[in-house]
Each structure stands twice: as C-alpha cells, then as structure tokens.
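Read in the numbering used here, the sequence shown has 347 at position 258, and its numbers run on one by one without any break. Backbone N, C-alpha and C fix where the C-beta goes; we use that ideal spot for every residue, glycine too. Predicted, not measured: the structure shown is a model, and the values here were computed from it.
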Amino acid sequence: MPGPARTFPALQAPRPTRIAVERTGDGARFALLDQGHYLAPRPVAGGSAAGARHLRVALIGISMMLLGGDDVRIEVAVGTGVTLEVIEPAGMVAYDAEGKQSRWTLEAVLAEDAVLIWEGAPVVAAAGSNMLRETRVQLGAGARILIRDTLVLGRSGEEAGPLRSRTRLTGPAGDYLYEDLDLHGPRHRAVGVLGASKVLDSATAAGWRPQSLPPDGGPGRTGAQRLDLAAEGAVVRALAATAHEAARGTDPEYRRWKEQLLG
C-alpha cells in the first residue's frame, strides 16, 4: 500500500537538524546540537581527547521517513581546525507515495582546515517514491571532506521510483565536484549510467588527493573504479546488484581514505 503523504501548516517548513562544532583550547566541543523534525544528533563515545579536536555524532531517526511531501534538512558547521565525523546508523527508505516528491538536503560549511567525514547508510528508493537528494558543502581554505554514499534502486524484487541526486562541493577556487544524477524513468538503464545494476556505492574526497589505488592485481585492489577530480579530490565507485556486493568494492578504499584523514 502507498505510504501516507505528510502535510505541514502553510509557511511552516519542518524543523532542520543542526550541528555545529568549534575549537576550544586544545580540544573541540559541540556548539550546537539541535534536534530536527526527523533526526536527532547524538554524540558518540570516543570523541575528542586533549589535542585531538575530533568529535563524532550519530543521526538518529525520530520520525518515520521518507513519506510523500517529507522535507528532511540537515545543517552542519565545522569550525577551524576541527574534525567532525557524522554517522548514519540505519538506512533510509523513500516509501511508495504515488509519485509525491520527498526531499533530503545536507548543507555544510567547513571553516579553514576543518574536516568533515560523512558515513552515510544506504538510501533505498522504493517503487512509487519520488526522491530528490541534495548535498551542498562549502569548504574553506585547507578544509577536507570525505563522504560515503549508497543509492539503492528499489527494494528486493521491485523497480525504483524516480531518484535525483545532486552533489556540489565548493572550495575557495570554485567547484571540486558538481554532479547531477537523474534516475527518472528508463534513464538509469542507459549505457554509461547504471545499466542492469541496482546499487551505486560511492566514496568522495575533496580538498585533498587520497593515495592512489594499488596497480591491477596488487594488494588491496578492489572492483571499484577511481575517478580523480580536476581539483584536489577523487571519487571511488562500484556498481552491483546488491548493496553488500557494492560495499565490498568501496569499503576498503573508504576505510583507507578515512585513515589518511585521521592519521
């Protein structure tokens, strides 16, 4: 059965989830942890030790999503020299809403020498859904970002609803990456897009150049493909029929890149 459409009073948008971290002495602290309509930010143990300036937070769902008309917004600010790691513990499903659009938006601002690690969980576009997913990040001088992202087209045994995923990562000199992936109708089956694959799993780095993959056949080589950006950054991607197959391709590289950032 189609999921219910959610309605909100006129001129009253759902409350966004807000996270802000800042430097304090030789450590870091949460300056803002503001629960939104859909997600609550919760600090994770093992955060900043003296001199580390590294904080971790999990996004916990507090309301069913994504239903037709949902508008999930997350706003993040990372202060100078601070590392913020955001974890999505559970995946998300855009449910059958008879084509009514739902939205998920991340807007992040990174100050000078800040680091944001976004460890996303799989996002499933069920049949009958219509999802717009946007990620917009502004990086200051010396700032770096690493994003893990998994898009799943349809639940087991079903086709996906329309899905559009836009990513824009911008630095002091302009865009690192501006991508608009439009998977409406038969387009995802086109040659050079997804073909017969059901899952697109990615790790994206910007503001720095991760170490290159080993040569073919070398230790640690995976089935994922690496694309180097014109500016400092890279994307590693795997296409597969299932999420765990795709993850096998990107996980080793994502973990390696994360170690480089935190090392």
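Out of Leu128, Gln314 and Ala323, state which residue places its alpha-carbon closest to the alpha-carbon of Gln300.
Locating residue 300 in the sequence shown gives position 211, where the first residue counts as 1. The shortest C-alpha separation from Gln300 is found at Ala323.
Environment of Pro211 [buried if 16+ CB atoms lie within 10 Å]
In the sequence shown, residue 211 corresponds to position 122, counting from 1. That one is buried.
Helix, strand or coil for Gln314? Go by DSSP, reduced to three states.
Locating residue 314 in the sequence shown gives position 225, where the first residue counts as 1. Of the three classes helix, strand and coil, the one that applies to Gln314 here is strand, per DSSP.
Spatially closest choice to Ala129 from Asp115, Ile163 and Ala327, by CA coordinates:
By 1-based counting over the sequence shown, the position of residue 129 is 40. Comparing Cα positions, the closest option is Ile163.
By the three-class DSSP mapping on this structure, what secondary structure does Tyr267 have?
Translated into positions along the sequence shown, residue 267 becomes position 178. Three-state result, Tyr267: strand.
Do Glu342 and Ala313 have their C-beta atoms closer together than 8 Å?
Residue 342 sits at position 253 when you count from the first residue of the sequence shown. Residue 313 sits at position 224 when you count from the first residue of the sequence shown. Result yes, Cβ atoms of Glu342 and Ala313 sit closer than 8 Å.
What do you get for Arg237, buried or exposed, if any count of 16 or more other CB atoms within 10 angstroms of its CB means buried?
For the purposes of this step, residue 237 is taken as the residue at position 148 of the sequence shown. Buried.
Arg337 - containing alpha helix (DSSP H), residue span:
The count along the sequence shown starts at 1 and reaches residue 337 at position 248. Run containing Arg337: Ala332 to Leu351, per the alpha helix (DSSP H) assignment.
Considering Cα atoms alone, identify which of Leu240, Asp271 and Ala134 is closest to Ser291.
Against the sequence shown, residue 291 aligns to sequence position 202. Checking every option, the nearest Cα to that of Ser291 belongs to Leu240.
Assigned secondary structure, Met220 (DSSP; H/G/I helix, E/B strand, else coil)
If you number the sequence shown from 1, residue 220 lands on position 131. The three-state reading of DSSP puts Met220 in strand, counting E and B together.
Assigned exposure category for Thr331 - 16 Cβ within 10 Å defines buried
Within the sequence shown, numbered from 1, the residue matching residue 331 stands at position 242. That one is exposed.
Taking the C-alpha atoms as reference points, what is the distance between Glu348 and Glu111?
Here residue 348 refers to the residue found at position 259 when the sequence shown is read from its first residue. Here residue 111 refers to the residue found at position 22 when the sequence shown is read from its first residue. Using only the alpha carbons, I get a separation of about 22 Å.
Residue environment, His273, which counts as buried when at least 16 other CB atoms sit within 10 Å
Indexing the sequence shown from 1 puts residue 273 at position 184. Under this definition His273 is an exposed residue.
Would you report the Cα separation of Ala109 and Gly188, rounded to the nearest angstrom?
Your numbering for residue 109 matches position 20 in the sequence shown. Your numbering for residue 188 matches position 99 in the sequence shown. Approximately 34 Å, taken between the alpha carbons.
Whole angstroms are fine: how far does the CA of Ser191 sit from the CA of Ala263?
Indexing the sequence shown from 1 puts residue 263 at position 174. Indexing the sequence shown from 1 puts residue 191 at position 102. Correcting the residue identity first, residue 263 is Gly in this sequence and not Ala. Their Cα atoms are separated by approximately 29 Å.
Taking a contact to mean a Cβ-Cβ separation below 8 Å, would you say Val133 touches Ala147 in this structure?
In the sequence shown, counting from the first residue as 1, residue 133 sits at position 44. In the sequence shown, counting from the first residue as 1, residue 147 sits at position 58. Yes, the pair counts as a contact, with Cβ atoms nearer than the cut-off.
What's the gap between the Cα of Pro308 and the Cα of Leu270?
In the sequence shown, the residue the question calls residue 308 occupies position 219. In the sequence shown, the residue the question calls residue 270 occupies position 181. Since pLDDT at Pro308 reaches only 45, below the 50 mark, its modelled position is unreliable, and the value read off the structure follows with that caveat. Counting only the Cα atoms, Leu270 lies some 32 Å from Pro308.
For Arg142, count neighbouring Cβ atoms within 10 angstroms of its own Cβ and tell me buried if that reaches 16, exposed if not.
Start at 1 with the first residue of the sequence shown, and residue 142 comes out as number 53. Taking every protein chain shown into account, the CB of Arg142 has 16 or more other CB atoms within 10 angstroms, so this residue is buried.
According to the Cβ coordinates, are Leu258 and Ala295 closer than 8 Å?
Reading the sequence shown from its first residue, position 169 is the one you call residue 258. Reading the sequence shown from its first residue, position 206 is the one you call residue 295. Against a cut-off of 8 Å, the Cβ pair of Ala295 and Leu258 comes out as a contact.
According to DSSP, is Ser245 helix, strand or coil?
Translated into the one-based positions of the sequence shown, residue 245 becomes position 156. Three-state result, Ser245: coil.
Distance, Cα to Cα, Gly170 vs Gly125?
Within the sequence shown, the letter at position 81 stands for residue 170. Within the sequence shown, the letter at position 36 stands for residue 125. Rounded to the nearest angstrom, the two C-alpha atoms are 26 Å apart.
In the DSSP assignment, find the unbroken beta strand (DSSP E) run with Leu144 in it and report its ends.
Here residue 144 is taken as the residue at index 55 of the sequence shown, counted from 1. Where Leu144 is concerned, the enclosing beta strand (DSSP E) stretches over His143 to Gly150.
Which listed residue (Ala329, Arg298, Ile206 and Asp202) has its alpha carbon closest to that of Arg145
Counting from 1 along the sequence shown, the entry for residue 145 is found at position 56. When each option's Cα is compared against that of Arg145, the closest is Ile206.
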